[in-house]
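Count the sequence shown with our numbering and you get residues 2 to 387, in order.
For each residue, glycine too, the CB sits at the ideal point set by N, CA and C.
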Amino acid sequence: MALKEGDNEGLNTRVIHHGDSFAGDTGTVMPPIFPTSTFAHGNAGGFDYTRSGNPNFRILDSVLASVEGCAHATVFASGVSAITAVVSQLKQGDLVLCEENLYGCTVRLFEQVFAKFGLKTAWADFTQPAALEQIQAQTPAMVWLESPTNPLLKVIDLEAVCAITQPLGIPVVVDNTFATALVQRPLDLGATLSLTSTTKYINGHSDALGGAVCTNDPEWHQKMVFSQKALGLQPSPFDCWLITRGIKTLPLRLKQQMANAAALADQLAGHAKVNWVRYPHRSDHPQHQVATRQMRAGGAIVTVSFNASQEQTYALCKQLRWFTMAESLGGIESLICHPATMTHAAGSAEVKAKLGIDDGLVRFSVGCEDLADLQADLDQALELLA
Ligand SMILES: *Cc1c(COP(=O)(O)O)cnc(C)c1O
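Structure follows, in structure tokens:
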């Protein structure tokens with residue numbers, strides 16, 4: 002059964018049943034894949050060329066908008082494509098005020114690509130009141146946030162930021178990849194755009210890349226549709242089909258992953274060689290109050306600082322059996338990332354210190370495995386630090 006506009010079903014239903022499947026009279030229960038570059042002129046679906054639209058894009062658009070509880074979603078080839086689509090709507094001389102702990106590829110795009118076109122960036126710690134004053138003082142063309150942040154899981158009070166930007170007419174982008182719309186709804190908190198790398202939790206199986214931008218603003222929706230075709234940022238029909246299949250189990254996967262993550266955070270917090278554990282719904286999280294207000298659950302990422310050298314921490318990561326040492330996150334399989342030797346290896350000591358990336362820092366992307374197996378695995382690896 003296809004969902005109709007105005008339907009008010011729960012999230013478990015909404016991820017499984019979407020709008021039109023373009024299935025014709027076949028009765029197919031799962032949507033077909035439309036691997037075509039072009040469409041006959043004048044068709045009822047309004048399709049012309051896949052760079053500017055394809056049935057598989059529209060199917061995924063409809064599920065994502067339904068889960069986010071918003072009017073429009075536009076899909077892209079990756080999270081970075083979605084970011085490019087948004088930033089390409091700005092112009093020379095515009096200032097983007099960014100959270101200082103943004104995802105590394107977002108920082109690289111701003112500093113090494115868009116800076117060449119005259120786009121300016123300023124950076125602020127949005128957990129501090131000074132950042133709100135900075136919005137008023139600098140009146141940027143856009144505010145770019147991410148919450149929880151990578152890898153330190155800082156939680157930003159999105160409602161408080163949007164209360165300042167809205168009267169000033171400043172659009173706010175929230176990268177919602179770590180939380181997903183199941184845990185946090187940026188648009189309901191006042192954001193203009195909710196951006197997601199669907200490569201991560203939404204697809205959930207580490208076998209496709211994708212990105213999406215959700216909004217209730219019809220003008221921004223038009224801008225995203227324009228960017229998709231004008232910049233060639235469209236995904237492939239097959240990847241959209243995979244992500245449409247992946248999202249069907251998002252609530253089930255997240256439930257298991259979040260329960261595992263909360264338990265592992267507690268296990269780690271009790272270990273003698275752990276300096277601190279970050280998990281948004283733990284009471285020792287620095288923004289715990291905001292996190293419990295804004296996030297329906299704590300997510301499935303846990304970041305830990307070990308009292309250990311870079312070599313010891315690396316060895317611990319390698320010792321784990323069920324956590325593969327790899328970049329990315331959000332899949333059904335558990336992963337571990339050691340930023341000092343992986344994602345932030347190229348950064349200077351100064352940059353790492355500023356971002357809070359020390360040699361003993363690790364980020365767990367907790368998967369769907371049995372908790373007892375993950376716990377036993379951690380215990381045996383932690384013996385290396387004894
Ligand atoms: C992975 C990620 C991105 C980039 O997405 P890709 O699909 O890898 O291009 C952007 N933001 C966050 C928070 C991410 O985790």
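Would residue i and residue j qualify as a contact pair, given that the criterion is a beta-carbon distance under 7 angstroms?
{"i": "Y202", "j": "N151", "result": "no"}
{"i": "Q167", "j": "G191", "result": "yes"}
{"i": "V144", "j": "V173", "result": "yes"}
{"i": "L210", "j": "S79", "result": "yes"}
{"i": "G300", "j": "A263", "result": "no"}
{"i": "K224", "j": "Q90", "result": "yes"}
{"i": "V81", "j": "F58", "result": "no"}
{"i": "S63", "j": "T51", "result": "no"}
{"i": "F40", "j": "D49", "result": "yes"}
{"i": "T122", "j": "V97", "result": "yes"}
{"i": "A66", "j": "L234", "result": "no"}
{"i": "D176", "j": "E147", "result": "yes"}
{"i": "C71", "j": "C215", "result": "yes"}
{"i": "S345", "j": "I337", "result": "Checking the displayed sequence, the identity of residue 345 turns out to be His instead of Ser. For H345 and I337, no; Cβs fall outside 7 angstroms."}
{"i": "V156", "j": "Q258", "result": "no"}
{"i": "D95", "j": "A45", "result": "no"}
{"i": "C99", "j": "W124", "result": "yes"}
Is it buried or exposed for residue i, if we count other Cβ within 10 angstroms and need 16 for buried?
{"i": "A74", "result": "buried"}
{"i": "Y280", "result": "buried"}
{"i": "D388", "result": "Not covered by the structure: residue 388. The range shown for the chain is 2 to 387."}
{"i": "L188", "result": "buried"}
{"i": "T140", "result": "exposed"}
{"i": "A341", "result": "buried"}
{"i": "R109", "result": "exposed"}
{"i": "G43", "result": "exposed"}
{"i": "E351", "result": "exposed"}
{"i": "V363", "result": "buried"}
{"i": "F239", "result": "exposed"}
{"i": "S335", "result": "buried"}
{"i": "N9", "result": "exposed"}
Are there any heavy atoms of ligand 1 lying less than 6 angstroms away from the beta-carbon of residue i, as far as the coordinates show?
{"i": "V303", "result": "no"}
{"i": "G80", "result": "yes"}
{"i": "D240", "result": "no"}
{"i": "T197", "result": "no"}
{"i": "E29", "result": "The sequence shown places Thr at residue 29, rather than the Glu named in the question. T29 Cβ: outside cutoff for every heavy atom of ligand 1."}
{"i": "Y104", "result": "yes"}
{"i": "T342", "result": "no"}
{"i": "T200", "result": "yes"}
{"i": "D176", "result": "yes"}
{"i": "L153", "result": "no"}
{"i": "L210", "result": "yes"}
Going by CA-CA distance only, name the one from the options that's closest to residue i.
{"i": "A387", "options": "D126, N308, I34 and T128", "result": "N308"}
{"i": "T293", "options": "R109, L356, S310 and Q185", "result": "Q185"}
{"i": "L61", "options": "G332, V16 and V97", "result": "V16"}
{"i": "A83", "options": "A270, L362 and P236", "result": "P236"}
{"i": "C369", "options": "F324, A131, E134 and C215", "result": "F324"}
{"i": "M296", "options": "L159, Q137 and A327", "result": "L159"}
{"i": "Q376", "options": "I358, H272, A347 and S349", "result": "H272"}
{"i": "D360", "options": "D285, E100, L269 and G348", "result": "G348"}
{"i": "H282", "options": "D267, T29 and A45", "result": "D267"}
{"i": "A373", "options": "S228, F23, L265 and L169", "result": "L265"}
{"i": "M343", "options": "A354, G357, L356 and M326", "result": "M326"}
{"i": "I165", "options": "L183, H339, A132 and G25", "result": "A132"}
{"i": "V291", "options": "L12, L154 and W277", "result": "L154"}
{"i": "E384", "options": "K230, K319 and S198", "result": "K319"}
{"i": "E312", "options": "A260, P130, H339 and L12", "result": "H339"}
{"i": "G331", "options": "G47, T197 and C163", "result": "T197"}
{"i": "L12", "options": "P33, G47, M31 and V68", "result": "V68"}
{"i": "P56", "options": "A24, V30 and T29", "result": "A24"}
Measure how close the beta-carbons of residue i and residue j come, nearest whole angstrom, since I'm counting them as under 8 angstroms.
{"i": "A382", "j": "L317", "result": "5 angstroms"}
{"i": "Q93", "j": "G119", "result": "3 angstroms"}
{"i": "V303", "j": "F365", "result": "5 angstroms"}
{"i": "D218", "j": "L243", "result": "That pair is no contact at about 29 angstroms."}
{"i": "V305", "j": "L269", "result": "5 angstroms"}
{"i": "A180", "j": "P149", "result": "7 angstroms"}
{"i": "P32", "j": "T245", "result": "7 angstroms"}
{"i": "I333", "j": "R254", "result": "6 angstroms"}
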